[in-house]
Amino acid sequence: MLTVLFDGIATGALLFMLALGLSVTLGIMNFVNLAHGSFAMLGGYVAVVLLKGWGVPLLWCLPAAFLIPAVVGVVLERTLYARLYGASPLDQVLFTIGIVFVSMAMASYFMGAQHQIIQLPPYLSGQFHVFAGFDVGIYRLFLIGVCGSIALLLHVVLTRTRFGSRLRASVDNARTARGMGVDVDHLFAITFAVGSGLAGLAGALGIEILDLDPTFPVKFMVYFLIVVAVGGAGTLGGPLVASLVLGICDVAGKYYISEVGAFIIYTVMVVVLIWRPQGLFGRPVVR
Amino acid sequence: MRAASFAPNGAPPRYHAEVAHLRSLAAWRRTETVFWIAPVLLYFLLPRQLVLFSQIAVMGLFAISLDLILGYAGVISLGHAAFFGLGGYTAGILAQQGWGEPLSGLALGGLAAGVLGFATSFLVLRGSDLTRLMVTLGISLMLYELANKMRWLTGGADGLQGVEVWPLLGVWRFDLYGRTAYCYSIIVLFLSFLIIRRIVHSPFGLALRGIRENERRMPALGTPVARRLVAAYTIGAIFAGIAGALLTETTQFVSLDVLSFDRSAEALLVVVLGGAGTLYGGIVGALALIVAQYLLSGFTPQYWQFWMGIAFIALVFFARGGILGLVFRIASVLRRIVGAASGARGA
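From first to last, the protein sequence lines are chains A and B.
Each number in this note's numbering comes from the position in the first sequence (counting from 1) with 22 added on.
Each number in this note's numbering comes from the position in the second sequence (counting from 1) with 6 added on.
#1: Please classify Asn55 (chain A): is it buried, with 16 or more other beta-carbons within 10 angstroms of its beta-carbon, or exposed?
#2: Compile a chain-ordered list of the residues in the region 305 to 333 of chain B whose CB is closer than 9 Å to at least one CB of chain A.
#3: Tell me, please, which residues DSSP counts as bridged to Trp178 (chain B).
#4: When DSSP labels each residue in this structure, what does Leu380 (chain B) get in the three-state scheme?
#5: Using beta carbons (cut-off 8 Å, strictly below), is Ala271 (chain B) in contact with chain A?
#6: Could you check whether Ala211 (chain A) and Arg100 (chain A) sit closer than 8 Å to each other, using their CB atoms as the reference points?
#7: Based on the DSSP secondary-structure assignment, which residues constitute the bridge partners of Val260 (chain B)?
#8: Do you know how far the Cα of Gly80 (chain B) is from the Cα of Leu37 (chain A)?
#9: Once the 5 residues before and after Leu146 (chain A) are set aside, which same chain residues still bring their CB inside 8 Å of it?
#10: Counting only runs of 4+ residues fully inside the region 106 to 154 of chain A, write out the alpha helix (DSSP H) ranges in chain order.
#11: Using alpha carbons as the reference points, say which of B:Leu321, B:Arg326, B:Ala243, B:Ala346 lies closest to Leu114 (chain B).
#12: To which residues of the same chain is Val121 (chain B) closer than 6 Å at the C-beta, ignoring the five residues directly before and after it?
#13: Pick from B:Trp34, B:Ile296, B:Gly77: whose alpha carbon is nearest that of Met65 (chain B)?
#14: Taking Val94 (chain A) as the reference, give the member of A:Trp82, A:Cys83, A:Trp76, A:Phe61 with the closest Cα.
#15: Give the DSSP-derived three-state secondary structure of Met140 (chain B) in the structure shown.
#16: Spell out whether any CB of chain B is found under 8 Å from the CB atom of Pro111 (chain A).
#17: What does a CB cutoff of less than 7 Å around Ser191 (chain B) pick up in its chain, not counting 5 residues either side in sequence?
#18: Can you tell me whether Gln102 (chain B) is buried or exposed? The criterion is at least 16 other CB atoms within 10 Å of its CB, across all chains shown.
#19: State buried or exposed for Leu47 (chain B), treating a residue as buried only when at least 16 other CB atoms are found within 10 Å of its CB.
#20: Comparing the CB of Ala271 (chain B) with every heavy atom of the ligand GTP, is any distance shorter than 7 Å?
#21: Residues in the same chain with beta-carbon distance under 7 Å from Gln299 (chain B), minus the five sequence neighbours each way, listed in chain order, please.
#22: Check whether the Cβ atoms of Asp73 (chain B) and Gly283 (chain B) lie closer than 8 Å to each other.
#23: Alpha carbon to alpha carbon, what distance is there between Gly281 (chain B) and Leu274 (chain B)?
#24: 8 Å is my cut-off, CB to CB: does Phe267 (chain B) come that close to chain A?
#25: On the three-state DSSP scale, how would you describe Ala44 (chain B)?
#26: What in chain A is Cβ-close to Leu301 (chain B), meaning under 7 Å?
#27: Which residue wins for smallest C-alpha separation from Gly253 (chain A), given the options A:Leu234, A:Met291, A:Pro236, A:Asp272?
#28: Answer with yes or no whether the minimum CB distance from Ile296 (chain A) to chain B is below 8 Å.
#29: Determine, for Tyr288 (chain A), whether the minimum Cβ-Cβ distance to residues of chain B falls below 8 Å.
#30: Please check if any C-beta of chain A sits within less than 8 Å of the C-beta of Leu122 (chain B).
#31: DSSP three-state label for Leu174 (chain A), please.
#32: Contact check, Val204 (chain A) vs Ser45 (chain A) under 8 Å by CB: the rounded distance?
#33: How long is the line joining the alpha carbons of Leu100 (chain B) and Gly111 (chain B), rounded to whole angstroms?
#34: Of all the options A:Leu84, A:Ser110, A:Ala224, A:Val293, which has the alpha carbon lying nearest to the alpha carbon of Gly43 (chain A)?
#35: Once the 5 residues before and after Glu221 (chain B) are set aside, which same chain residues still bring their CB inside 7 Å of it?
#36: On a CA-only basis, which of B:Ala294, B:Ile145, B:Phe334, B:Val57 is nearest Phe90 (chain B)? Give me that one, please.
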């Protein structure tokens, strides 16, 4: 029981990092980026290539899994995404579905369609026994630690720095922020890069738990959307709570009632969206 | 002048001009006749490719049903496959359980999808575009999971085995060469097309276009927006269900793939590729997509997915009107050239 709860929290922490970038993209630019999962997948494959091909230790793969998706993210943002800000949602949806398909095709072309399996270093594998019925996986503990510290760091950046206050201002009302002299485009490019990087990092950390394969972007599209939809766009707290709840529901659902499986999650999402279209924690959108 | 009889007493002359204009838009054109003669010719010219053309007809009908929602009412759906799949499974399960009569299967498939469409339309129409995207996606994924888990009914991931469809009208058997299947699909496509075409050119269709252009203004003109959208969404769902049932009956098989996200995305691509809001765009897009798929099928499936993705991106940046948009643009340029030439001759 507690083990399931613990695993759920670890999955939730991963989902939080995965979805955070999307929440910001949506919050500032009102841009529907369905291709967010492609960046996570990229991070995962970067880690796999470094780990298996070049024998780099896992901990050193993680910075690369952050940096490469971040760079790819900012390049795509400047060249393609930026042209579609303010375009109709249909254009944004079509474009990002295109990115998803291309990334999936490239992943299965270069890496093969199979699930990627990695060997965890000995100091991260195994689990210790707390008391009867409660086992803590060391890797999952590590995950919670990493995600927790990143969340804390982001919180400090958002609330204590000048960059953070500019960002929050832009999320609240991009037009006014621009009027006050905030360079929203520049800010957004940085945020997009960080968001893609975090997704990549989470993708690398989650190779074990989330089953990395070329269908990743579509498989997890709904999860990201749920986190953003339920948590509300452009905040930290909402998505955090949403992803923890989602992670726990997902693990518990698969563990106890596997015949129903993912059905519960979709139902929860649809119900929440009907009940509160702006998300459980979201504020009404001001445009 | 039938238009005059509808005009309110003392209506200004402009009213008649506008009604005449709308009527001229709705009039059947010569090019349309040519378009619909083509499938008849294909039957004789390319008898070996009939299976492929039946697929195009099914895909075309599915795309037209989405076009009604997307191109006319302006509602973006990421889960239109829910209705296609439900129609397909309804017809398939009926045929498997011993009722393989094709026409009633088609009707029941459409009915089931229509009921689902009506029930979910209220959910879909709440909220912004983003909410709609997620709700439509969520509903189609729910259905996918449901079909996946209800193995006893749907066969799960293996697909529905043992679908036996009876001969059409008790006379024409579904043969190996796909002749019956082809004629059946084309006729269903044509009749459905006529109905949808009539709907689109009715005042109801005009109201939908108004909602697409400006959803806030339409209530001021006396249009009950929510009710119109519910009706449009339900009609779209019915025809998607018919398309799904048609696929099941012509291939005698259903698998989970009919409910997948890829299926919904493919329909979006077809509509936009052909030209959204034109009806014919759905058929042209389906033709282009399936022929391309056929020509590229020698390569690996990843190859196909890659080019599909590129097509999505290219459409957004370079060809927003789709194929038909391009055709119309060329036609208007030609007309201008011809007009200029005849004007020069007159002078």
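For every residue, glycine included, the Cβ atom is placed at its ideal position computed from N, Cα and C.
Taking the definition as stated:
#1: Label assigned to Asn55 (chain A): buried.
#2: The residues in question are Thr306, Pro307, Gln308, Tyr309, Trp310, Gln311, Phe312, Trp313, Met314, Gly315, Ile316, Ala317, Phe318, Ile319, Ala320, Leu321, Val322, Phe323, Arg326.
#3: BP columns for Trp178 (chain B) point to B:Leu174.
#4: Nothing about residue 380 (chain B) can be read from this structure; chain B reaches only from 7 to 353.
#5: Output row for Ala271 (chain B): interface = yes.
#6: Going by C-beta atoms, Arg100 (chain A) is nearer than 8 Å to Ala211 (chain A).
#7: Answer is B:Leu166, bridged to Val260 (chain B).
#8: Distance between the alpha carbons of Leu37 (chain A) and Gly80 (chain B) is about 32 Å.
#9: Here the set comprises Leu80, Ile160, Tyr161, Phe164.
#10: Under the rule that a run must span 4 or more residues, the alpha helix (DSSP H) segments found entirely inside the region 106 to 154 of chain A read 111 to 133.
#11: Nearest of B:Leu321, B:Arg326, B:Ala243, B:Ala346 to Leu114 (chain B), Cα basis: B:Ala243.
#12: So no residue of the chain qualifies.
#13: Nearest C-alpha to Met65 (chain B): B:Ile296.
#14: Distances from the alpha-carbon of Val94 (chain A) to those of A:Trp82, A:Cys83, A:Trp76, A:Phe61 put A:Phe61 closest.
#15: Note: Met140 (chain B) maps to helix in three-state DSSP.
#16: Contact with chain B is found for Pro111 (chain A), since one of that chain's Cβ atoms lies less than 8 Å from the residue's Cβ.
#17: Contacts found: Ser60, Ala63, Val64, Leu252, Thr256.
#18: With 16 or more other Cβ atoms inside 10 Å of its own Cβ, Gln102 (chain B) counts as buried.
#19: With fewer than 16 Cβ atoms within 10 Å of its Cβ, Leu47 (chain B) is classed as exposed.
#20: The ligand GTP is absent from the structure shown, which contains no ligand whatsoever.
#21: A distance below 7 Å between beta-carbons, with the five flanking residues on each side excluded, links Gln299 (chain B) to the following residues of its chain, in chain order: Trp310.
#22: Contact: yes.
#23: Put simply, the backbone Cα of Leu274 (chain B) is about 10 Å away from that of Gly281 (chain B).
#24: Output row for Phe267 (chain B): interface = yes.
#25: Correct three-state label for Ala44 (chain B): helix.
#26: Result: empty, since nearest Cβ-Cβ is about 17 Å, beyond 7 Å.
#27: Its Cα nearest to that of Gly253 (chain A), the residue A:Met291 stands out among A:Leu234, A:Met291, A:Pro236, A:Asp272.
#28: Chain B contact via Cβ: present.
#29: Yes - at least one Cβ of chain B is within 8 Å of the one on Tyr288 (chain A).
#30: Using a CB distance cut-off of 8 Å, Leu122 (chain B) does not count as an interface residue toward chain A.
#31: In the displayed model, Leu174 (chain A) falls within a helix according to three-state DSSP.
#32: Between Ser45 (chain A) and Val204 (chain A) the Cβ distance is about 19 Å, and since that is not below 8 Å, they are no contact.
#33: Each residue's alpha carbon lies about 7 Å from the other.
#34: Comparing C-alpha distances from Gly43 (chain A) to each of A:Leu84, A:Ser110, A:Ala224, A:Val293 shows the shortest one belongs to A:Ala224.
#35: Excluding residues up to 5 positions away in sequence, Val231 lie with their Cβ nearer than 7 Å to the Cβ of Glu221 (chain B) in the same chain.
#36: For Phe90 (chain B), the closest C-alpha among the options B:Ala294, B:Ile145, B:Phe334, B:Val57 is that of B:Ile145.
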